[in-house]
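Report on the structure given below.
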Amino acid sequence: MELRPAFRMNGFLALLVLLVVLVVGGALTSVVPALGVILLVVAVLLLTGLTTLGPNEAKVVQFFGRYVGSVGEAGFFWLVPLSNKRRISLRVRNFETQKLKVNDFEGNPVEIAAVVVYRVVDSFKAAFAVDDYEEYVQTQSEAAVRHLATTHPYDSDEPHRTSLRNGTEVAEELTAELRDRTALAGIEVTEARITHLAYAPEIAQAMLVRQQAAQVVAARSKIVEGAVGMVGMALERLTAEGMVELDEERRAAMVSNLLVVLCGDRSATPVVNAGTLYS
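For the sequence shown, position 153 matches number 154 in our numbering, and the numbering has no gaps at all.
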């Protein structure tokens, strides 16, 4: 069964007709009591079909348990009388998951939370495909966040590997997964983003030290790379301009001294050597 529009009439026109029937029925009770009572009862029963809808709202109409259609336009309408009219909000909503503790792809415990922005686009599925579509969205959101955390590392040094800290890529993946999970309930997920991401308290300090060490190693690698280039350039210019003749031993000594000066984390203290390397 699919979403279909319910039978409806203009509510003001129906109200006017029913008021006329009530007046006629009231007048007939003194002339033809049986007919007057019947008209009054019918008019009262038909009044139960009057309903109003606000903007971004829908009503799912059931007549004695049978689905007869949905109304998704704002206004005052007359629908099938004696029917159950369930109101479904079509407004955009947001839901933030709790801080979930889960192991990432590398097995490290992390705390993660996300916010999900969604709205109902199919009132029939939202009403009948699941027991409670709001609870369904919450459960599926937490499941999707857990699955996301277990398939990606918290941080990655590999350039082609997506980590949980890659906000844009992770948000797109989470949104796509939630759209697949919630389509059954007539839900459209507009956006899903990570709002909290941190290592679990028991390993946070150790991982901080690890990150600091990684940064130090990366910085040292850049320094060494630059220092080697500068040393090579210095040797090439000295040789090209003929300023000094360097044999292999002196070249090695110069390279060693330059690397110590360029790679050291403290200011160099020069030492004047009045002799030679061979004395």
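We treat Cβ as the ideally placed atom computed from N, Cα and C, and that holds for glycine. All of these numbers come straight from a predicted model, not from anything done at the bench.
- In terms of CA proximity to Phe64, Ala7 leads the group Gly168, Ala241, His197 and Ala7.
- When DSSP states are grouped into helix, strand and coil, Pro82 belongs to the coil group.
- The C-alpha of Val69 lies about 21 Å from the C-alpha of Val43.
- Taking all protein chains shown into account, Arg9 has 16 or more neighbouring C-beta atoms within 10 Å of its C-beta and is therefore buried.
- When Val190, Ala201 and Leu19 are compared, the shortest CA-CA separation from Arg94 is found for Val190.
- Lys223 sits in a helix when the DSSP states are folded into three classes.
- Remark: three or more beta-carbon pairs, one from each stretch, lie closer than 8 Å, so the stretch 53-60 and the stretch 88-102 are flagged as touching.
- Secondary structure at Phe8: coil, using DSSP grouped into helix, strand and coil.
- Boundaries of the alpha helix (DSSP H) harbouring Gly37: Pro34 to Leu48, taken from the DSSP string.
- With respect to the C-alpha of Ala172, the residue from His153, Tyr155, Glu237 and Glu192 having the closest C-alpha is Glu192.
- Of the candidates Glu107, Phe125 and Ile188, the residue whose Cα lies closest to the Cα of Gly73 is Phe125.
- Taking 8 Å as the cut-off, the beta carbon of Ile113 is found closer than this to the beta carbon of Val103.
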